[in-house]
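Participant: Using the working numbering, the first residue of the sequence shown is number 156, and each one after it goes up by one.
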Amino acid sequence: MRHTTQVIFCFLLQLVVLSTAWSQQGNSDRINAELQRGPSPEAIMRAATKAQAEGDYYSAMMYNKYVLDIDSMNIPARRGYAKAAVDFFAYEEGEKSYQMLVDRQFIGPDGTVLKELADVKYRLGKYDEAQVLYDQFLAVQTPEPAPPAELKDAEVQKTNCDWALDMLDNADMDVFIAELDSSVNTGYSEFSPYLLDNKLYFSSYRFLLDHDKHNPKRHQIKILEAVPGTYAFETTEASFNEKTKHTAHATFSEDGKTMYHTICSFVGKTVNINCEIYRRTLQSDSTWGPAYKLPAQVNLPEYTATEPCVGRAPGVEGDVLYFVSDRPGSKGERDIW
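Structure below.
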């Protein structure tokens with residue numbers, strides 16, 4: 156009897172310790188550690204909400220997915236997964252989850268799920284489907300009124316759909332548009348393409364960051380080079396990618412002898428990144444030389460400088476470097492400089 160009492164006491168003590176540890180957590184590392192021990196769906200949803208608020212959209216997706224693996228129609232988790240996916244630029248994933256909610260009439264007390272699905276379809280170029288959803292959102296009768304800003308935006312987006320559909324109806328049908336194969340396009344974001352001497356440079360978010368202590372592991376951006384092969388593009392990682400940082404946004408001078416690109420670092424333990432612009436020159440052996448960071452006029456300390464693009468400007472001889480920054484003087488969150 157004494158032995159049984161001791162066992163019960165130890166079991167209860169373990170529960171108290173785990174409960175106390177969970178309630179005192181103040182950072183994502185502890186939350187992630189508890190996920191491995193099988194916490195409740197409610198606890199995982201709290202972790203998802205925290206990750207979303209911190210801009211860690213990939214982790215928010217994964218936390219919500221944990222809950223959906225248990226209950227595929229947990230409404231808060233399904234909507235949270237959809238929103239995180241869209242913020243992570245995984246539009247197809249967001250579309251599928253929002254569509255599941257709309258198909259089952261889970262459109263929220265103010266009907267905004269209809270608009271959220273419409274916004275995703277608009278970004279995917281499905282303008283006719285988006286237009287129908289905007290109409291439904293504007294006409295739906297719900298227990299709560301939709302926010303005026305959302306209603307106004309739906310009216311604007313509906314007009315944008317009209318314009319886009321009209322452009323498609325009057326498009327030059329001699330233009331052939333095709334999605335590049337899976338060696339270039341994956342389920343992750345591919346962006347900033349630049350064709351130089353029959354070689355396509357582009358950036359991809361497909362890589363997991365090696366030795367990352369963040370849980371789930373964060374993804375890393377690298378620049379890839381693709382050349383047309385017999386059946387598909389032959390794609391390889393650029394030799395100048397950073398091992399522990401992001402390398403992205405390759406652009407080139409008009410003569411093709413100077414490259415500009417970004418090197419970006421994670422900000423703390425989040426997925427937010429801060430970027431700086433670097434320059435490389437083409438060497439005699441056709442390789443790219445070392446990276447040199449551009450001066451403070453471009454890389455203003457404590458602010459991001461990203462998305463470089465070489466172009467022209469009226470009254471200016473030679474190449475002009477355009478870039479995006481959140482530096483003081485920006486009228487929006489980020490502006491073109």
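The beta carbon of each residue, even a glycine, is placed where N, CA and C say it ideally should be.
Anyone know if the C-beta pair for residue 493 and residue 457 falls short of 8 Å?
Facilitator: It is not possible to answer for residue 493, since the shown part of the chain is limited to 156 through 492.
Participant: Between the Cα of residue 368 and the Cα atoms of 303, 214, 341, which residue gives the shortest distance?
Facilitator: The shortest C-alpha separation from residue 368 is found at 214.
Participant: Go through the segment 401–470 residue by residue and report every complete run of the beta strand (DSSP E) that reaches 3 residues or more, in order.
Facilitator: Here the runs fully enclosed are 401–407, 413–421, 428–436, 460–466.
Participant: Rounded to a whole number of angstroms, what is the C-alpha to C-alpha distance between residue 490 and residue 481?
Facilitator: Going from the Cα of residue 490 to the Cα of residue 481 covers about 6 Å.
Participant: Go to residue 391, then tell me how far its beta strand (DSSP E) extends in each direction, as first and last residue.
Facilitator: Where residue 391 is concerned, the enclosing beta strand (DSSP E) stretches over 388–392.
Participant: Can you list the alpha helix (DSSP H) stretches of 4 or more residues lying completely in the segment 197–235, in chain order?
Facilitator: Taking only runs of at least 4 residues, the alpha helix (DSSP H) segments lying wholly in the segment 197–235 are 212–225.
Participant: What is the DSSP secondary structure of residue 321, counted as helix, strand or coil?
Facilitator: If DSSP states are grouped into helix, strand and coil, residue 321 belongs with the helices.
Participant: What number of angstroms, rounded off, separates the C-alpha of residue 355 from the C-alpha of residue 476?
Facilitator: In a straight line, the C-alpha of residue 355 is about 20 Å away from that of residue 476.
Participant: Quick check on residue 389: buried or exposed, where buried means 16 or more other Cβ atoms within 10 Å of its Cβ?
Facilitator: The residue in question, residue 389, is exposed, as its Cβ has fewer than 16 Cβ neighbours within 10 Å.
Participant: Compare the beta carbon distance of residue 277 and residue 316 with 8 Å and say whether it is the shorter of the two.
Facilitator: Contact: yes.
Participant: Report the three-state DSSP secondary structure of residue 103 (helix, strand or coil).
Facilitator: The chain is shown from 156 up to 492; residue 103 falls before or after that span and cannot be answered.
Participant: How would you label residue 350, buried or exposed, when you count the other beta carbons within 10 angstroms and need 16 or more for buried?
Facilitator: The residue in question, residue 350, is exposed, as its Cβ has fewer than 16 Cβ neighbours within 10 Å.
Participant: Is the Cβ-Cβ distance between residue 343 and residue 366 less than 8 Å?
Facilitator: The answer is no: Cβ separation not under 8 Å.
Participant: Could you have a look at residue 183 and say whether DSSP puts it in helix, strand or coil?
Facilitator: Summary for residue 183: the model assigns pLDDT 47, below 50, so the residue's position carries little reliability; its value from the coordinates is reported in the next sentence. Correct three-state label for residue 183: helix.
Participant: Only counting the same chain, and skipping five residues up and downstream in sequence, which positions put a Cβ closer than 6 Å to that of residue 237?
Facilitator: Closer than 6 Å at the Cβ level, and outside the excluded window around residue 237, lie 249, 252, 253.
Participant: What are the partner residues of residue 381, as DSSP defines its beta bridges?
Facilitator: Bridge partners of residue 381: 355, 390.
Participant: Return the CA-CA distance between residue 397 and residue 195, expressed in angstroms with no decimal places.
Facilitator: Taking the straight line from one Cα to the other gives about 39 Å.
Participant: Distance, Cα to Cα, residue 403 vs residue 466?
Facilitator: Residue 403 and residue 466: Cα-Cα distance of roughly 18 Å.
Participant: Would you call residue 292 buried or exposed, if buried means 16 or more other Cβ atoms sit within 10 Å of its Cβ?
Facilitator: Answer is buried; the Cβ neighbour count reaches 16.
Participant: From this set, 235, 299, 296, 298, which residue's C-alpha is nearest residue 271's C-alpha?
Facilitator: Per the Cα distances, 235.
Participant: What is the rounded straight-line gap between the Cα of residue 474 and the Cα of residue 387?
Facilitator: Roughly 34 Å between the two C-alpha positions.
Participant: Can the beta-carbon of residue 392 be found closer than 8 Å to that of residue 372?
Facilitator: Result no, Cβ atoms of residue 392 and residue 372 do not sit closer than 8 Å.
Participant: For residue 282, which residues from the same chain have a beta carbon less than 7 Å from its beta carbon, with the 5 sequence-adjacent residues on both sides left out?
Facilitator: Answer for residue 282: 316, 319, 320, listed in chain order.
Participant: Apply the 10 Å Cβ neighbour rule to residue 259 and answer buried if 16 or more other Cβ atoms are within range, or exposed otherwise.
Facilitator: By the neighbour-count rule (16 or more Cβ atoms within 10 Å), residue 259 is not buried but exposed.
Participant: When burial is assigned at 16 or more other CB atoms within 10 Å of the CB, is residue 459 buried or exposed?
Facilitator: So residue 459 counts as buried.
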